[in-house]
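Be aware that the sequence shown starts at -7, since it is given in this note's numbering, and climbs by one per residue.
Glycine included, each C-beta is placed from N, C-alpha and C at the ideal position.
Because the structure is a prediction, the values reported are computed rather than measured.
What follows is one structure encoded as structure tokens, with my remarks underneath.
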Amino acid sequence: MNGRVIWTRPPLRRVSRANPCPICGRDSWCGYTEDGLVLCVRNLGDTVPTTPARFRGISRNQAGIWLLEGLGPTPPRRVSGPKPKPKKEEKPLPPPEEVDAELARVLDRLDLSPEEEAALSRRGFPPPIARELGYRSYEEERWPKRGKLPIWLPRGAGWVLAAPAGLLIPFRDQEGRLVGLQVRPRDQSGNKGKYRQVSAGGFPASVHVSRLGEGSPRVWITEGALKADIASLYTGERFIGLPGVSSFRGLEEALKGLRPQKVVLAFDADYGDNPHVRRSLQHLSEMLSLSGWRVRWAVWEKSLGKGIDDVLTEGHGGQVRIQASPPFAR
Ligand SMILES: [Zn+2]
């Protein structure tokens, strides 16, 4: 394993399905050594671990350091602990092909209206390209039948999407399959955030992989699918858009599928000012390093733009620097 793994005693191993993390119980991102030391990126000592263990502090890269109790050279997998309870509302989704087909049927019926076209144009995203990539306007159209996904609400004799009128943003996996939709409501007066997952409950958001930028040796990660698509259009490189700054569902699979030489984190210039966001980004970089990816950070002067898409559409791409350390103090 390469990457900036900081543990040097017995080799740090990645958790897997066969050897889940003894602290958080999950099968990805965390690491352990055969002599019972665990680096858990999800539990920084603030919740009870799934296996008896003592919290020893936080690593330089912001993973929780744990020492399993009563453990000699036994590998962590022999430790039995309660399995983490699955979240109640998360019913299994249909297979990816069916998710893709149902969401594609939704998009096929819709078009981009002048209102959303104008908004996309203002952001530097040409509407014909947005349409090609699956962007649509939603105006509370009704369908006679619902599908299998938890995205439908009954209305009258038919069904509507669980979304207000607005811009529908398609989320895709590394193979181009649709994995979810976000909506940017036309009415931004609510308090629910600029972007929302289209869900009637129980449809968790996954990361989005841009369709543009195929084969680029670097893969960039930013927050937001729209931002990712715009940035990808302007750089010709592949971008992954997180649905939220601490939402990583599908990220590991995406990177495994894309196999980049480097992963560049490109988050808004003001992110370092928010401690919660900073911690999420440190987790992200730790998770990526533990998995062996070479992590870099994209930085730019705040005056050039807030998001990477702003910087690029304004023609300042040449002033984006790629560096090994995060753009904020640890
Ligand atoms: Zn863990």
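Check: residue i C-beta below 7 angstroms from any heavy atom of ligand 1
i, result
"residue 91", "no"
"residue 241", "no"
"residue 15", "yes"
"residue 18", "yes"
"residue 35", "yes"
Collapsed DSSP secondary structure at residue i in the structure displayed
i, result
"residue 161", "strand"
"residue 315", "strand"
"residue 302", "helix"
"residue 274", "helix"
"residue 290", "strand"
"residue 214", "strand"
"residue 57", "strand"
"residue 250", "helix"
"residue 222", "helix"
"residue 91", "helix"
"residue 308", "coil"
"residue 261", "coil"
"residue 201", "strand"
Whole-angstrom distance between residue j and residue i, CA atom to CA atom
i, j, result
"residue 123", "residue 109", "9 angstroms"
"residue 304", "residue 298", "11 angstroms"
"residue 34", "residue 208", "30 angstroms"
"residue 324", "residue 228", "The question about residue 324 has no answer here: the residues shown for the chain are numbered -7 through 322."
"residue 107", "residue 94", "26 angstroms"
"residue 164", "residue 222", "15 angstroms"
"residue 31", "residue 279", "10 angstroms"
"residue 203", "residue 168", "6 angstroms"
"residue 121", "residue 113", "11 angstroms"
"residue 255", "residue 314", "11 angstroms"
"residue 144", "residue 220", "27 angstroms"
"residue 302", "residue 257", "16 angstroms"
"residue 162", "residue 125", "8 angstroms"
"residue 287", "residue 267", "21 angstroms"
"residue 6", "residue 151", "45 angstroms"
"residue 23", "residue 134", "48 angstroms"
"residue 115", "residue 19", "39 angstroms"
Buried versus exposed call for residue i [16 or more other C-beta atoms within 10 Å across all chains shown]
i, result
"residue 189", "buried"
"residue 323", "Residue 323 cannot be examined here, being either before or after the span of the chain that is shown, -7 to 322."
"residue 141", "buried"
"residue 316", "exposed"
"residue 193", "exposed"
"residue 158", "buried"
"residue 265", "exposed"
"residue 14", "buried"
"residue 277", "buried"
"residue 215", "buried"
"residue 225", "buried"
"residue 70", "With a pLDDT of only 40 at residue 70, under 50, the local geometry of the prediction cannot be trusted, and no value is derived from it."
"residue 311", "exposed"
"residue 59", "exposed"
8 angstroms contact criterion, which residue i and residue j should meet: CB distance rounded
i, j, result
"residue 237", "residue 269", "5 angstroms"
"residue 180", "residue 217", "Contact flag wrong, Cβ pair sits at about 18 angstroms."
"residue 170", "residue 129", "Not really, about 17 angstroms apart at Cβ, beyond 8 angstroms."
"residue 231", "residue 212", "5 angstroms"
"residue 319", "residue 291", "4 angstroms"
"residue 178", "residue 186", "At roughly 12 angstroms, the Cβ-Cβ gap does not stay under 8 angstroms, so residue 178 and residue 186 are not in contact."
Ligand 2 heavy atom lying under 7 angstroms from the CB of residue i
i, result
"residue 267", "For the structure depicted, ligand 2 is absent and the ligand set comprises only ligand 1."
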